[in-house]
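Okay, so here's the structure we're looking at.
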Amino acid sequence: MENKNEIQNELQEISRKLKILEKKEIFSVSENYFTELKESIHAKTHSKRHSNLYYFKSLILNRTVRISFVVFLITVVSTITFIKLQKESASQKVENYILSNIDSDLMSDYLINNISTDNSKTDTEFNDNILENIDENLIIEEL
Amino acid sequence: MFLSDSEILRNFNIKGQEEYAFSHLTNKYKEKVYWIIRKMLIDHEDTNDVTQDVFIKVWINFSKFRAESQLYTWIYRIAVNECINFLNKKKSRFFLPLINYEKQLLAKVDESTDLTADDIHVKLQKAVLQLPEKQQIVFNLRYFQELSYEDIAEITKTSIGALKASYHHAVKKIEKLIFVPD
Chain B
1 MENKNEIQNE LQEISRKLKI LEKKEIFSVS ENYFTELKES IHAKTHSKRH SNLYYFKSLI
61 LNRTVRISFV VFLITVVSTI TFIKLQKESA SQKVENYILS NIDSDLMSDY LINNISTDNS
121 KTDTEFNDNI LENIDENLII EEL
Chain W
1001 MFLSDSEILR NFNIKGQEEY AFSHLTNKYK EKVYWIIRKM LIDHEDTNDV TQDVFIKVWI
1061 NFSKFRAESQ LYTWIYRIAV NECINFLNKK KSRFFLPLIN YEKQLLAKVD ESTDLTADDI
1121 HVKLQKAVLQ LPEKQQIVFN LRYFQELSYE DIAEITKTSI GALKASYHHA VKKIEKLIFV
1181 PD
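Residue numbers (the numbering used here), protein chains in the order written: chain B, 1 to 143; chain W, 1001 to 1182.
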């Protein structure tokens, strides 16, 4: 009511002609329209409520679900990163152990023997290469 | 008998009571929302579609309503925004220079008007349609819906000072359009 009086007083100040004009609705709707409108709205919201998309949307909108999802995501990412780092450090440890504990001559013998069994052609090339580059005195000494 | 807005909100937050609360909300606001939209879109079928969309949006987003504003201003805000979106879509479809959607709306007033309507009221409706969008919204909410400036400010997210100026300009333009002879 207070609003109505305030609006009328304001209108009186701006336009007296518009103020005295009686308010009248120029459009009309059928008699049962608003009952039907309510039914249509409820039918639509009901079908939305029971659709999978609605459940998915309401899940996304739920704050607890959103927080849980973020926590889950962080846990998964940090676990994967941790496992990856662990693997890297383990292979680093093995590499360091090999370099510090295994005799380099032993290692080169192993490599020569293993590579030479792979392919006969490359095997010959590889041996020729070794013979060309290794000091003769060293071979004689070894023999 | 309508439930109060706070009772509707309370019921909506009780599991299993959502549909009951929404039924009361629809009953309470369906006519007001329809008339806000009808004043802007004129055509009944368009208004019917947009009104249904508004209530579906209300239903979907109800969990996001934080009660920082009044329930009805929140609903009216959705209604006004849906109208603006609808009109923008229509206008972008009619971007050819020969077809003007504003003119189409004016023509629709004559088509949709009740046979008992007076000429002066038809002129008033046509004058409102010739206002810029913002003034049109402010005039409809203030003159036809009799809302306070505080409520309109909440709906349109505009300062009260700017709203008062818009309403003043709108009334003056309408007076000129309907009372001053050509």
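Using N, Cα and C, we set each Cβ at its ideal position, and we do this for glycine too. Bear in mind that the values here come from a model prediction, so they are computed numbers and not experimental data.
Going by DSSP, N1085(W) is part of the alpha helix (DSSP H) stretching over L1071 to R1093.
Rounded to whole angstroms, the gap between the alpha carbons of N1027(W) and T35(B) is 9 angstroms.
In this model, I140(B) and I98(B) are separated by some 29 angstroms (Cα to Cα). Spanning the alpha carbons of K1089(W) and N1140(W) requires a straight line of approximately 21 angstroms. L1129(W) and E1102(W) do touch by the CB rule: their CB atoms are close to 7 angstroms apart, below 8 angstroms. Any Cβ of chain W closer than 9 angstroms to the Cβ of T64(B) would place that residue at the interface, and such an atom is absent. In the three-state reduction of the DSSP assignment, R1066(W) falls in the coil class, being assigned neither a helical nor a strand state.
In the structure shown, A1117(W) falls within a coil segment according to DSSP collapsed to helix, strand and coil.
Counted as a single uninterrupted DSSP element, the alpha helix (DSSP H) harbouring I1160(W) occupies residues I1160 to F1179.
With contacts defined by Cβ atoms closer than 9 angstroms, L1041(W) and H1024(W) do not form a contacting pair. Counting every other CB atom within 10 Å of its CB across the protein chains shown gives E6(B) a total below 16, marking it as exposed. With a threshold of 16 other beta carbon atoms within 10 Å, S1166(W) meets it and is buried. A distance below 9 angstroms separates the beta carbons of K24(B) and A1117(W). At a beta-carbon threshold of 9 angstroms, the residues of chain B lying near K1172(W) are I14 and S15, ordered along the chain.
CA-CA distance, I1178(W) to I1056(W), rounds to 38 angstroms. Taking 9 angstroms as the cut-off, the beta carbon of L1147(W) is found no closer than this to the beta carbon of N9(B).
In the structure shown, the three-state DSSP call for N1048(W) is helix.
Taking every protein chain shown into account, the CB of S15(B) has 16 or more other CB atoms within 10 angstroms, so this residue is buried. Residue state for E1150(W) is assigned as helix, using DSSP reduced to three classes. Against chain B, the CB of D1114(W) has a partner CB under 9 angstroms away; the residue lies at that interface. If you draw a straight line from the Cα of Q1017(W) to the Cα of F82(B), it is about 47 angstroms long.
Proximity to K1032(W) across T1051(W), A1021(W), K1015(W) and D1046(W) peaks at T1051(W), based on C-alpha coordinates.
Residues of the same chain with their beta carbon placed closer than 7 angstroms to that of E22(B) are lacking, with the five preceding and five following residues left out of the count. With respect to chain B, the C-beta atom of F1179(W) has a partner C-beta closer than 9 angstroms.
The alpha-carbon of K1015(W) is positioned some 11 angstroms away from that of A1021(W). Annotated as distal: A1079(W) and I1120(W), with beta-carbon spacing of 9 angstroms or more.
Residue environment: A1170(W) is assigned as buried (16 or more neighbouring CB atoms within 10 Å of its CB, all protein chains considered). If you ignore the 5 residues before and after K1123(W), its C-beta comes within less than 6 angstroms of the C-beta of I1178, all in its own chain and listed in chain order. Cβ-Cβ distances below 8 angstroms link E1082(W) to I1037, V1050, D1053, V1054 and K1057 in the same chain, with the five nearest sequence neighbours on each side left out; the list follows chain order.
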